[in-house]
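In UniProt numbering, the protein residues as written are 1 to 124.
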């Protein structure tokens, strides 16, 4: 694998992992009243749904980097990256359906990174 591509993949995986894991802990540890001021939908759904999404975030964040880092079933990182991309696509559709298209650029960026990781780790 090209050294530059490998470095780009590691940086992308690290960014995805930090973002998804950090978001998971943020959603779980922040009281709903506070969280809903920054992420309005969290106050409109049951806490169990917010915790479910946090669990998906955590699994995606861990799955996108740990298998490659430990060199144990590294193709699992490809599946995790595809899962992260699917989650971001779902978030984009969700936000547009609520008239919140202005908040989707972050989701598009994360989806792009996830697809890059899936492609790079699958092909190489």
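For every residue, glycine included, the Cβ atom is placed at its ideal position computed from N, Cα and C.
Buried or exposed: which applies to residue 11, given that a residue is buried once 16 or more other Cβ atoms fall within 10 Å of its Cβ? Residue 11 comes out exposed.
Distance, residue 108 Cα to residue 74 Cα: If I take the Cα positions, the gap works out to 25 Å.
Residues near residue 116 in its chain [Cβ-Cβ closer than 7 Å; skip 5 each side]: 12.
Of all the alpha helix (DSSP H) runs that stay within the bounds of the stretch 49-103, which reach a length of 4 or more residues? At a cut-off of 4 residues, the continuous stretches assigned as alpha helix (DSSP H) that sit fully inside the stretch 49-103 are 75-97.
If you pair each beta-carbon of the stretch 89-100 with each one of the stretch 61-75, do three or more pairs fall below 8 Å? Contact check between the stretch 89-100 and the stretch 61-75: fewer than three CB pairs, one atom from each, fall below 8 Å, which does not count as touching.
Using three-state DSSP, classify residue 39 as helix, strand or coil. Coil, per DSSP.
Give the range of the alpha helix (DSSP H) segment to which residue 105 is assigned. Annotation for residue 105: the continuous alpha helix (DSSP H) segment containing it runs 105-123.
Near residue 20, which residues of its chain fall below 6 Å by C-beta distance, leaving aside the five closest residues on each side in sequence? Answer for residue 20: 57, 60 and 61, listed in chain order.
Report, in whole angstroms, the separation of the C-beta atoms of residue 121 and residue 77, which I expect to be a contact under 8 Å. Correct: roughly 5 Å between the Cβ atoms.
Outcome for residue 27 when other beta-carbon atoms lying within 10 angstroms are tallied against a minimum of 16: Buried, because 16 or more other Cβ atoms sit within 10 Å of the Cβ of residue 27.
Check each candidate in 42, 81 and 24 and name the one with the smallest Cα separation from residue 112. In this structure, 81 is the residue among 42, 81 and 24 with its C-alpha nearest to the C-alpha of residue 112.
Can the beta-carbon of residue 43 be found less than 8 Å from the beta-carbon of residue 32? Note that the C-beta distance between residue 43 and residue 32 is below 8 Å.
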